[in-house]
Amino acid sequence: MIKDKISQITLEAIQSCQKQENWSALNISEIKIESPKDKKHGDYAVSIALEIGKMLKKNPLKISEIIKNKILEEPSILFNKIEVVSPGFINFFLAKDYLISELSKVLKEKDKYGAGNTKKTIVIDYSAPNIAKPFGIGHLRSTIIGQSIYNLYKFFGFKCIGDNHLGDWGTQFGKMIVAIKKWVKQDNFNDLTVNDLEKLYIRFHQEIENHPEIEEEARLWFKKLENGDKEAKDIWQICVNVSLKEFNKIYDLLGIKIDYAFGESFYEGKMMSIVQEAIDKKIAIKSQGAVIIDYPDKLPTVIILKSDGATNYFTRDLAAIKYRLKKWKPDLIVYETGAEQTLHFKQLFEAVELLKWTSKDKLVHISHGLYRSRTGKFSTRKGQTIHLEEILIEAIKRAKQMIENSEAIKNLSNQEKEEIAKIVGIGAVKYNDLSQHHSRDIIFDWDKILNLKGNSGPYLQYTHARCISILRKTKTKLDLKKIKNIKLNSEEEDILRDISRFPEIVREAVQKFSPNLICSFIFDLSQRYNLFYQFHPVIKAETEESKILRLAITTAVAQILKNSLALLGIDTPNKM
Ligand code: ARG
């Protein structure tokens, strides 16, 4: 990668200066490379001379001059200029030959352009809706963000394991069993929907006021469930089946399939030994009948075994980590959930380190913010949950209206149009989510989500389709040897620069768990391409050389848009 290359040659230059110039007091092992916003300052810049100046108490400008001259001793075809500017920056300007070679790399590597080859393993815990409750907006975010992180890591060479940690165990199932037994006729058990289950759960809590004894009943039923009682297990299974049926509809709409769904229930039977291990290792203690972990002065205490012997969410998460470490030997385990679980994961990771299972830095919690509507909170009437499936179907409906009058698809069959509307509608919802840093709240505004002219999924899909439609009109062979001596105009040069940065953007998005970096990159690229297209004809370019170059640029832009949108879990129709 060019960034690494610059880092390396700068470092080597400094090392040889060190001997010649007697800069003995230096100990530099890493050079930070910046990408200046304004291209006047080069494509890349380093400010290491400022640091060295401070360390050696010498003029940084002079130091940067010395480093630059050292670099220039070994001529490189990568740069057409390396300059020093006050107070001590070294700016690197990429050479045309390098830009063209990178362009040819995109054409050659196609959907592999920008990919990495890190041979490591990562487990990604995402989506994780709760059985007997609706698939919430938070789970939508977790699904979209988690999947994108999965795609990014996979593209970077990682072996990825997706695990849907379904909320399918816990004391709430004691309540569900009591409610179903009391208020649903046995004949109707199999017709229950998630909505019914949710209502039953609410009713249970309302009835506690007049019948406090049902709480004890629920506790007993959860115990029975944990002890493998058949009736309890059967009713629990009904809840699971009903919910999974609904969740799968949503996964189908989103086009998402998660590798595993062990769920919390899988760890039933694997927890007592962990509680014992924690006690033996003197990490957990018994307290008032319960077992707890104390983190004096650091974090609040957690319970890992309740006084009635029941386990909880925390215990199941401990068991899940132990299982994953053993089964997959991952280098990293990543969790994507709402920000309200930040403390839970802090406590969890701390416990894992205390237990000496692995070090904390192999465990990452990525948290997302809330969904808000333009007017404030994102909800319909008070107490009503938003139905996610309806939102997704609405997105498809609106996408259909949006593309209905498009020239490009007027000859397609109805079914094909439906297909495109689905890709555009779902893509729009995903992009709206991913285009902001995950920690931030998301504004849900249909006009923005489906705005063909703004920073939206449809705009990027449209730019891609436009490139494809240009390319469809020609059979010109893209022999880049023929454009060796071409002079670039400034729009062409700018796009080529952007294109060449894709691999480093992917790497940064991977390292920072930030799909939003991919989004802003492709938005800029699309704007640049559309501007370029406005000024410079492609098929009707002035010369054959220009035509080849511009077609190659168009091909590369389409390819990078496709690769990037795929990383975001968004499809790219060839027409829209
Ligand atoms: N089911 C949980 C919830 O809805 C999220 C689970 C996240 N994963 C985990 N390993 N704790 O809040």
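Under the working numbering, the first residue of the sequence shown carries the number -13, and numbering increases by one thereafter.
Where a beta carbon is used, it is the ideal one built from N, C-alpha and C, also for glycine.
Computed from a prediction, not measured in an experiment: that's the story for all the values here.
Between the region 163 to 175 and the region 455 to 473, the count of C-beta pairs closer than 8 Å stays below three; the two stretches do not touch.
Here PHE142 is not bridged, per DSSP, to any residue.
Here GLN133 is buried: its Cβ has 16 or more other Cβ atoms, across all protein chains shown, within 10 Å.
Annotation: ARG358 is outside any alpha helix (DSSP H); the continuous beta strand (DSSP E) that includes it extends over 357 to 359. Measuring C-alpha to C-alpha distances from THR301 to each of MET258, LEU341, PRO286, THR328 identifies MET258 as the nearest. Remark: the shortest separation between the CB of HIS151 and any heavy atom of the ligand ARG falls under 6 Å. Beta-bridge partners of SER273 (DSSP): ALA276. Under the three-state reduction of DSSP, GLU478 is assigned to helix.
Counting only runs of 3+ residues, the beta strand (DSSP E) found wholly inside the region 384 to 433 occupies 428 to 430, in chain order.
Counting only runs that start and end inside the region 279 to 317, the alpha helix (DSSP H) elements of at least 4 residues fall at 299 to 314. Inclusion of THR323 in the 6 Å shell around the ligand ARG follows from its C-beta lying nearer than that to a non-hydrogen atom of the ligand. Taking a cut-off of 8 Å on C-beta distances, the region 370 to 386 touches the region 401 to 411, as three or more cross pairs fall below it. Rounded to the nearest whole angstrom, the CA to CA distance from ILE290 to ASN298 is 7 Å. Remark: the C-beta of ASN116 is in contact range of the ligand ARG, defined as less than 6 Å to any heavy atom. Counted as a single uninterrupted DSSP element, the beta strand (DSSP E) harbouring TYR30 occupies residues 30 to 32. Shown here, GLY132 sits in a helix according to DSSP, grouped into three states.
When only Cα atoms are considered, SER425 and LYS219 end up about 38 Å apart.
A direct Cα-Cα distance of roughly 13 Å separates THR179 from MET162. Under the criterion of beta carbons closer than 8 Å, ILE14 and LEU(-3) qualify as touching, at roughly 7 Å.
Only residues of its own chain outside the window of five on either side were considered, and among them LEU517, PHE518, PHE521, HIS522 have a CB closer than 7 Å to the CB of GLU477, listed in chain order. Buried is the label assigned to ASP111, since at least 16 other Cβ atoms lie within 10 Å of its Cβ. Assignment of VAL320 by DSSP, reduced to helix, strand and coil, places it in the strand class.
Collapsing the DSSP output to three states places LYS267 in coil. Here DSSP, grouped into helix, strand and coil, assigns TYR112 to coil. Rounded to whole angstroms, the Cβ separation of ALA204 and GLY160 is 4 Å, and the two are in contact under 8 Å. Taking LYS235 as the centre and dropping the five residues before and after it, the same chain places the C-beta of GLU375 closer than 8 Å to its C-beta, in chain order. Counting C-beta atoms within 10 angstroms of its own C-beta, LYS396 has fewer than 16 neighbours from the protein chains shown and is therefore classed as exposed. In terms of side-chain proximity, the C-beta atom of ASP294 is found no nearer than 6 Å to any non-hydrogen atom of the ligand ARG.
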